[in-house]
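Following this note's numbering from start to finish, the sequence shown increments by one per residue and tops out at 772.
Where a beta carbon is used, it is the ideal one built from N, C-alpha and C, also for glycine.
Note that the structure is predicted; figures quoted are calculated from it, not measured.
Okay, so here's the structure we're looking at.
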Amino acid sequence: MDRVLVIDDELSIQTLLGRVLAQSGREIATVGSGRDGLKAAADLAPDVVVLDLRLPDASGLEVLRALRMRDPEMAVVIVTGYGEIGTAVEAMKQGAKDYLEKPFDNLDKLRLCISRTLEDVGARRALQRLQQLQARKLPQIALVGDSPATRALRDAVHRLAGSEADTFLILGESGTGKEVVASCLHYESPRRTFAFVDVNCAAIGDALFESELFGHERGAFTDARVTKPGLVELADHGTLFLDEVSELSPSSQAKLLRVMETRSVRRVGGTRDIRLDVRLVAASNRPLGKLVAEGRFREDLYYRLNVIPLAIPPLRERRDDIIPLTRHFLEHANVRFHKIVAGFSEEAERHLLGYPWPGNVRELRNFIERAVLLAPVEVIDVEHLPPLDGVDGVAGTPNGRSLAAVERAYIQLVLRSVGGNKSEAAKVLGISRNTLRGKLEDGETA
Ligand SMILES: Nc1ncnc2c1ncn2[C@@H]1O[C@H](COP(=O)(O)OP(=O)(O)OP(=O)(O)O)[C@@H](O)[C@H]1O
Ligand SMILES: [Mg+2]
């Protein structure tokens, strides 16, 4: 949304400019004095100010100086009366972008001047953002994994990120990579130079929801000393990531629904709706559909969110990702801890493959980091693996169980992790199917 602020005391000029400059995707505000102009410039953050040099309460040059002092990038187009060209030249020297002469007999010239200035402002801002991004480097986010599920997800994310789609819903257990997918949807899109705004719905209470998300006007409540744009507004042209969306209260759900229906927000204490171009990515580690059935999540909001659902399976259902992820995290850990661990032994990798990873990728990552940090050697073997939850005696400290008991427990664990598939389990265990069958039969009689 482009914002144009007109500062002119003549009502006929206000009306004319309002009418001539109006077009979709553009918002025009008008004020009649220098004082109101400065206040409106601070509140509205216009892209272009059209400023009359003759104002009732101040000279236009003073207002121009004040505007540019507050924001040196502010684009100001001045309006001069017939024969005031000298003042116009002075204003240009002080940083005005262009000038228009009254009376406006050529309306196309007027339109063109404002459109050009807006384009110029847009291009300049885009360049600034790119330079800023280069300075701090775009975050390197990789969706690692070789499993069919992850390959398909990576392809979908890549394709959808660049599309016009503006609503996504990511579902998956805790630690499966929902935030990684959300960031990819942003950083692989043309929106990448704009903001990725991360909102944890579980952490925003009902009382603060509106002012945090929609912002507030100065004086809207006791603490509102300045006008503050909300998180949704900050995500304009970028992405708003609504994490743990299932945790919103019913009243916050209703407010979010309105944003989704109108694609606009109204600041607390404000009187106008601000139209926004925001990509909304919601995530939940609780099954939203089920919460709807139980009456704990609004059905209409669910349908609004569930336009493009992306489900991330738990890590135990995509075991082909475990080794690629392990290598990925190993490299990171080496850099982070100044280590030169080369990798894991085959047997150690088999342990990683057999473990069910209830904490998903996050647990794997923490585990690899611990292993690398503690590794006394270049190749991590089973005996160097830190303890894993539930894998008694396989790694970690001895606990007095017999080898056969440990073996049985481990076989059961592996079987569970592959959904009971014996051929798969045998592969993970590095034994033949027959040997596995034998061991299982021994287990039954033992
Ligand atoms: N496919 C992947 N490739 C690389 N890293 C990943 C992948 N999936 C997850 N990770 C890493 O695992 C950790 C957990 O991922 P993330 O925070 O995205 O999970 P989440 O689903 O948002 O979890 P939660 O529900 O707890 O918020 C992060 O450190 C993330 O970088
Ligand atoms: Mg998360």
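C-beta neighbour in chain D for residue i, strict 7 angstroms
| i | result |
| --- | --- |
| residue 477 | Looking for chain D here will not work: only one protein chain is present. |
Which residues DSSP lists as bridging residue i, in chain order
| i | result |
| --- | --- |
| residue 569 | 526 |
| residue 590 | 601 |
| residue 542 | 554, 594 |
| residue 406 | 427 |
| residue 354 | 330 |
| residue 636 | 496 |
| residue 378 | 405 |
| residue 777 | What is shown of the chain runs 327 to 772, which leaves residue 777 out entirely. |
| residue 491 | Partner(s): none; residue 491 has no beta bridge. |
| residue 608 | 495, 568 |
| residue 359 | According to DSSP, residue 359 bridges with nothing at all. |
| residue 385 | 380 |
Euclidean distance between Cα positions of residue i and residue j
| i | j | result |
| --- | --- | --- |
| residue 385 | residue 426 | 17 angstroms |
| residue 502 | residue 476 | 11 angstroms |
| residue 366 | residue 357 | 8 angstroms |
| residue 754 | residue 594 | 58 angstroms |
| residue 330 | residue 529 | 36 angstroms |
| residue 387 | residue 436 | 21 angstroms |
| residue 720 | residue 692 | Unreliable placement is indicated for residue 720, whose pLDDT of 47 sits below 50; the coordinate value is still reported in the next sentence. Near 18 angstroms, if we compare the C-alpha coordinates of residue 692 and residue 720. |
| residue 548 | residue 542 | 11 angstroms |
| residue 711 | residue 573 | 37 angstroms |
| residue 589 | residue 360 | 33 angstroms |
| residue 552 | residue 545 | 7 angstroms |
| residue 714 | residue 703 | 20 angstroms |
| residue 492 | residue 604 | 7 angstroms |
| residue 569 | residue 562 | 18 angstroms |
| residue 414 | residue 509 | 48 angstroms |
| residue 599 | residue 559 | 11 angstroms |
| residue 537 | residue 672 | 54 angstroms |
| residue 393 | residue 423 | 13 angstroms |
| residue 736 | residue 696 | 22 angstroms |
| residue 708 | residue 629 | 48 angstroms |
| residue 469 | residue 656 | 15 angstroms |
| residue 765 | residue 732 | 12 angstroms |
| residue 610 | residue 631 | 11 angstroms |
| residue 372 | residue 700 | 55 angstroms |
| residue 781 | residue 345 | The question about residue 781 has no answer, for the chain in this structure spans 327 to 772. |
| residue 506 | residue 526 | 15 angstroms |
| residue 524 | residue 518 | 14 angstroms |
| residue 767 | residue 669 | 35 angstroms |
| residue 328 | residue 487 | 24 angstroms |
| residue 705 | residue 689 | 21 angstroms |
| residue 667 | residue 471 | 21 angstroms |
| residue 450 | residue 368 | 20 angstroms |
| residue 571 | residue 627 | 11 angstroms |
| residue 554 | residue 363 | 18 angstroms |
| residue 417 | residue 407 | 13 angstroms |
| residue 351 | residue 439 | 17 angstroms |
| residue 370 | residue 597 | 12 angstroms |
| residue 684 | residue 489 | 34 angstroms |
| residue 397 | residue 421 | 11 angstroms |
| residue 738 | residue 478 | 30 angstroms |
| residue 615 | residue 580 | 17 angstroms |
Whole-number beta carbon distance between residue j and residue i, since they are thought to touch under 8 angstroms
| i | j | result |
| --- | --- | --- |
| residue 564 | residue 522 | 6 angstroms |
| residue 607 | residue 680 | Wrong, their Cβ atoms sit about 34 angstroms apart, outside the cutoff. |
| residue 647 | residue 758 | At roughly 25 angstroms, the Cβ-Cβ gap does not stay under 8 angstroms, so residue 647 and residue 758 are not in contact. |
| residue 682 | residue 642 | 5 angstroms |
| residue 678 | residue 652 | 6 angstroms |
| residue 447 | residue 389 | Not really, about 19 angstroms apart at Cβ, beyond 8 angstroms. |
| residue 535 | residue 592 | Contact doesn't hold; Cβ gap of about 14 angstroms is too wide. |
| residue 348 | residue 339 | That pair is no contact at about 14 angstroms. |
| residue 405 | residue 419 | The pair is not a contact, with the Cβ atoms about 17 angstroms apart (cut-off 8 angstroms). |
| residue 532 | residue 500 | In fact, because the Cβ distance is near 24 angstroms, the residues do not count as touching under 8 angstroms. |
| residue 649 | residue 675 | 6 angstroms |
| residue 748 | residue 762 | 6 angstroms |
Does the count of Cβ pairs from the segment 392 to 406 and the segment 583 to 595 closer than 8 angstroms reach three?
no
When the Cβ atoms of the segment 491 to 499 are set against those of the segment 637 to 651, are three or more pairs found closer than 8 angstroms?
yes
| If you pair each beta-carbon of the segment 614 to 633 with each one of the segment 661 to 681, do three or more pairs fall below 8 angstroms? | no
Just checking, does the segment 334 to 341 make contact with the segment 367 to 379 on the three C-beta pairs under 8 angstroms criterion? yes
field: Residues passing the C-beta test against ligand 2 heavy atoms, cut-off 6 angstroms
entry: 504, 505, 569
Would you check if the segment 452 to 459 and the segment 413 to 433 touch, i.e. whether three or more CB-CB distances between them fall below 8 angstroms? no
message: For the segment 483 to 490 against the segment 503 to 519, do three or more pairs of beta-carbon atoms, one drawn from each stretch, fall closer than 8 angstroms, so that the two count as touching?
response: yes
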